[in-house]
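Accompanying notes for the structure given below.
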Amino acid sequence: MASAVAARVLVLGAALLVVFPTAVGAQAELQMWLNPELGKQIPRADYRFTYYPDRKVDNQDAHLGLSEHRVSLFVPLFQDTANEWGLSAKTRFQDIDTRARFPEVGGRFPSELWDVGGTLSFRHKFDGGWIGGLALTAGSESDEPFHSIDEVYYRGLAMLRVPQGERNAWIFTLTYASDEPIFGQHPLPMPGIAYVWVPSDRFNVVIGVPFSSIEFKPFDTLTLEAQYFPIRTVRARATWQIFQPLRAYAGFDWDHDKYYRADRDDKDDKIFYYEKRLTAGVRFDLRHVGFEVYGGWAFDRFYFEGDRYGNRHDNRIDVDDGPFIVGKVSVRF
3 MASAVAARVL
13 VLGAALLVVF
23 PTAVGAQAEL
33 QMWLNPELGK
43 QIPRADYRFT
53 YYPDRKVDNQ
63 DAHLGLSEHR
73 VSLFVPLFQD
83 TANEWGLSAK
93 TRFQDIDTRA
103 RFPEVGGRFP
113 SELWDVGGTL
123 SFRHKFDGGW
133 IGGLALTAGS
143 ESDEPFHSID
153 EVYYRGLAML
163 RVPQGERNAW
173 IFTLTYASDE
183 PIFGQHPLPM
193 PGIAYVWVPS
203 DRFNVVIGVP
213 FSSIEFKPFD
223 TLTLEAQYFP
233 IRTVRARATW
243 QIFQPLRAYA
253 GFDWDHDKYY
263 RADRDDKDDK
273 IFYYEKRLTA
283 GVRFDLRHVG
293 FEVYGGWAFD
303 RFYFEGDRYG
313 NRHDNRIDVD
323 DGPFIVGKVS
333 VRF
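If you're matching positions, the sequence shown starts at 3 in the working numbering and goes up one per residue.
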């Protein structure tokens with residue numbers, strides 16, 4: 003049990019950047035991907051709808067509202083007690099209603115934004131209990147996906163889990179993302195190392211680079227957790243299990259999306275979107291289906307177009323704080 007808990011916490015950080023950029027939406031798939039027990043993956047799919055009502059755009063005679071649709075699918079291709087092959091796919095579509103323009107280049111903000119991608123993953127468990135894994139992802143995030151090779155991204159993750167005793171483990175990773183220039187302007191592979199410490203079934207912590215995490219259960223029905231993921235992504239949550247299978251939660255998120263505008267002047271430029279959220283919701287899980295409804299307040303919201311976070315004060319669109327609501331359905335086969 004403890005090793006499974008540790009794997010869940012770790013994978014949220016390790017694979018977030020390269021394989022599943024949306025931590026909350028891909029949490030179940032990530033749990034499966036790094037679980038120390040092989041051969042138990044199951045097919046799953048989910049659909050999520052998000053709505054942001056119109057809010058004023060600062061310093062422009064414009065408002066911005068959007069609705070978002072997300073679909074994800076995971077299918078195990080082959081598995082036994084020592085090997086696993088899996089395939090996942092996801093699509094995110096944002097329908098945006100706005101007359102906002104980028105203040106410097108003067109271009110109108112896109113009415114649609116897409117992120118379409120797929121991942122092939124493989125894991126192998128060695129005789130000594132070590133687990134090695136590899137995941138390769140390709141996709142396109144743009145207002146016109148796959149418009150050209152310049153709107154396509156490639157990501158990769160190599161991972162090695164080395165157990166330390168019954169509960170603890172060292173995790174070594176090497177990640178690459180063509181759309182994330184972590185070191186300077188050009189994308190380079192990023193090594194990572196973390197130690198998973200699980201002193202009890204109620205507490206675990208992951209200490210490492212580039213991700214860290216902590217989870218604490220003061221009593222059986224309450225779980226407190228916090229994670230940091232690369233880059234500039236923070237998640238904190240308190241979950242209360244009212245009764246099986248109903249849970250309620252509240253939390254804070256700080257994250258971002260990015261897209262390539264097809265008609266941009268500089269091929270390295272991307273549209274970045276940053277926001278912070280206070281969230282509360284409920285989740286109801288049965289054996290093969292789960293339902294989730296949550297909402298809250300989004301603040302410190304802004305878009306900008308540039309090639310890095312340091313450009314965030316240029317060509318920027320600030321959007322007023324406002325509410326949002328999300329509905330999600332998950333299916334497990």
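All residues carry an ideal CB built from backbone N, CA and C; glycine is no exception.
The DSSP-derived three-state label of G109 is coil.
In the structure shown, the three-state DSSP call for E227 is strand. Taking 8 angstroms as the upper bound for CB-CB distance, R50 and K278 are not in contact here, some 19 angstroms apart.
Secondary structure note for T177: its beta strand (DSSP E) is the uninterrupted segment 170-179. The way I'd put it, the stretch 235-250 doesn't touch the stretch 124-143; fewer than three beta-carbon pairs between them come closer than 8 angstroms. When L224, K272, Y261 are compared, the shortest CA-CA separation from Y251 is found for L224. Counted as a single uninterrupted DSSP element, the beta strand (DSSP E) harbouring T235 occupies residues 235-245.
Under the DSSP assignment, E217 falls in the beta strand (DSSP E) whose first and last residues are 214-221. Counting along the chain, E277 sits inside the beta strand (DSSP E) bounded by residues 272-287.
T83 places its beta carbon less than 8 angstroms from that of L40.
Linking G158 to G119 through their CA atoms gives a straight-line distance of about 13 angstroms. In the DSSP assignment, D257 falls within the unbroken beta strand (DSSP E) covering 248-261. Annotated three-state conformation of I151 is helix, per DSSP. With respect to P189, T177 sits apart: the two C-beta atoms are not nearer than 8 angstroms.
The shortest CA-to-CA distance from S202 to any of I209, R169, R314 is the one to R169. Spanning the alpha carbons of E146 and R46 requires a straight line of approximately 28 angstroms. Close CB contacts of L68 within its chain, under the 6 angstroms cut and outside five residues either way in sequence, are with Y54, Q96, I98 (chain order). In this structure, the CA atom of G134 is about 15 angstroms from the CA atom of Q166. Relative to the Cα of Y156, the nearest Cα in the group W87, S142, L162 belongs to S142. Cβ-Cβ distances below 8 angstroms link F274 to H258, D259, K260, Y305, F306, E307, G308, Y311, R314 in the same chain, with the five nearest sequence neighbours on each side left out; the list follows chain order. If you draw a straight line from the Cα of V59 to the Cα of V200, it is about 46 angstroms long. Within a 10 Å sphere around the beta-carbon of N85 sit fewer than 16 other beta-carbons, which makes this residue exposed. R285 has its alpha-carbon roughly 27 angstroms from the corresponding atom of T121. The beta carbon of V291 sits closer than 8 angstroms to those of V331, S332, V333, R334, all from its chain and outside the five residues before and after it, given in chain order. When C-alpha distances from I327 are compared across D302, D316, G283, F293, the shortest belongs to G283. In the DSSP annotation of this structure, the continuous segment of the beta strand (DSSP E) that includes E114 starts and ends at 114-127. A residue is called buried when at least 16 other Cβ atoms come within 10 angstroms of its Cβ; P325 does not meet this threshold and is exposed. In the DSSP assignment, the residues bridged to D320 are F304. The straight-line gap separating the alpha-carbon atoms of S150 and R103 is approximately 24 angstroms. Between the alpha carbons of R110 and N317 lies a distance of about 12 angstroms. A straight-line Cα-Cα distance of about 44 angstroms links K42 and D56. If you draw a straight line from the Cα of E106 to the Cα of T52, it comes to about 30 angstroms. For T139 and L288, the gap between their C-alpha atoms comes out near 31 angstroms.
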